[in-house]
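Position one of the sequence shown corresponds to residue 1 (full-length UniProt numbering), numbered consecutively onward.
Even glycine gets a Cβ: it sits at the ideal position worked out from N, Cα and C.
Since the structure is predicted, the reported quantities are computational estimates derived from the model, not experimental observations.
Before any comments, here is the structure.
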Amino acid sequence: MTPREVISSAGGRRQYSKEVYRIVETQAGSAADFLVDDLEEQSVLESIIDDFKPPAAIVSSEYHYLISTPFRYPPLKHGSRFGSRAQSSFYYASEEIQTCLAESAYYRFAFFEGMSEPYPHKVRSNHQLFSVATMTANGLDLTRVSEKLVSDTLQSKTDYQLPQNLGAAARAEGYELIRFYSARLQAGINVAIDNVDVIISTTPTNITAVKCETFSVDGIISMSLPKSFPLTFRRAQFLVNGHFPYPPK
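This is how it looks when you write it as structure tokens:
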């Protein structure tokens with residue numbers, strides 16, 4: 001099925017209006033603090049991390065940086081589900097908090113997976129969960145695609161060719177938001193936003209502190225919200241045929 005056929009199968013343009021969630025690691029007590037022995041090493045590591053951050057796209061100064069920063073110009077260091085390195089980045093968010101945390105856990109596992117040797121100690125980190133309100137008449141709802149093979153391909157943990165081609169086609173046809181099933185949490189739903197104007201919040205709302213503990217050797221990540229039992233994610237739940245699937249390059 002071609003990207004345009006997938007768009008047709010999804011029912012074309014739809015209204016979308018919903019609060020969606022993102023999570024970011026706070027600068028204080030970031031994971032980088034725990035991976036080095038002294039302040040000099042930390043400075044070097046943070047400069048390396050900064051080298052992997054492409055320039056932010058130009059977004060109106062009325063938007064808080066947590067909203068504007070994800071919109072980046074190409075070339076990007078990495079692709080994403082619906083975008084290649086040669087395209088502007090999408091603003092990804094989740095409709096439910098648990099889905100947002102599952103996505104975050106996957107990328108934390110990917111970070112530690114990339115180390116030449118497993119990090120032997122528990123890593124504590126602090127995060128901020130927040131939401132923004134969205135609204136558009138140019139939404140593409142891929143959860144409405146009925147063909148199972150196509151739906152499974154769009155959710156693939158290893159093959160990004162169809163969704164990336166679809167992302168390019170959707171952009172070309174003026175779609176501003178793509179709604180899709182998460183590859184990290186069954187029945188979880190995410191959105192990919194192409195136009196900052198879709199986000200009607202100028203500042204993050206419902207900001208909530210999240211404490212995270214990562215046991216990379218044991219393959220366990222635990223995330224705690226205030227007055228809630230911790231949510232535990234295991235490396236094993238993200239594996240495909242016994243291997244960890246890395247994000248798209």
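A distance below 8 Å between beta-carbons, with the five flanking residues on each side excluded, links V217 to the following residues of its chain, in chain order: P118, Y119 and P120. Residue nearest to Y65 within the set T214, T203 and P247 is T203 (criterion: CA-CA distance).
Counting the other CB atoms within 10 Å of its CB gives Y181 a total of 16 or more, which places it among the buried residues.
Per the DSSP secondary-structure output, I220 pairs in a beta bridge with F215 and R234. Within 10 angstroms of the beta-carbon of N190 lie 16 or more other beta-carbons, which makes it buried. Less than 8 Å divides the Cβ of L177 from the Cβ of Y16. I193 and H127 have their alpha carbons spaced roughly 22 Å apart.
Cβ atoms of M223 and A105 come within 8 Å of each other, at about 7 Å.
A check of alpha carbon separations from Q164 across A183, S84 and S8 identifies S84 as the nearest. For V123, the enclosing beta strand (DSSP E) covers residues V123 to D141.
Assignment of N165 by DSSP, reduced to helix, strand and coil, places it in the helix class.
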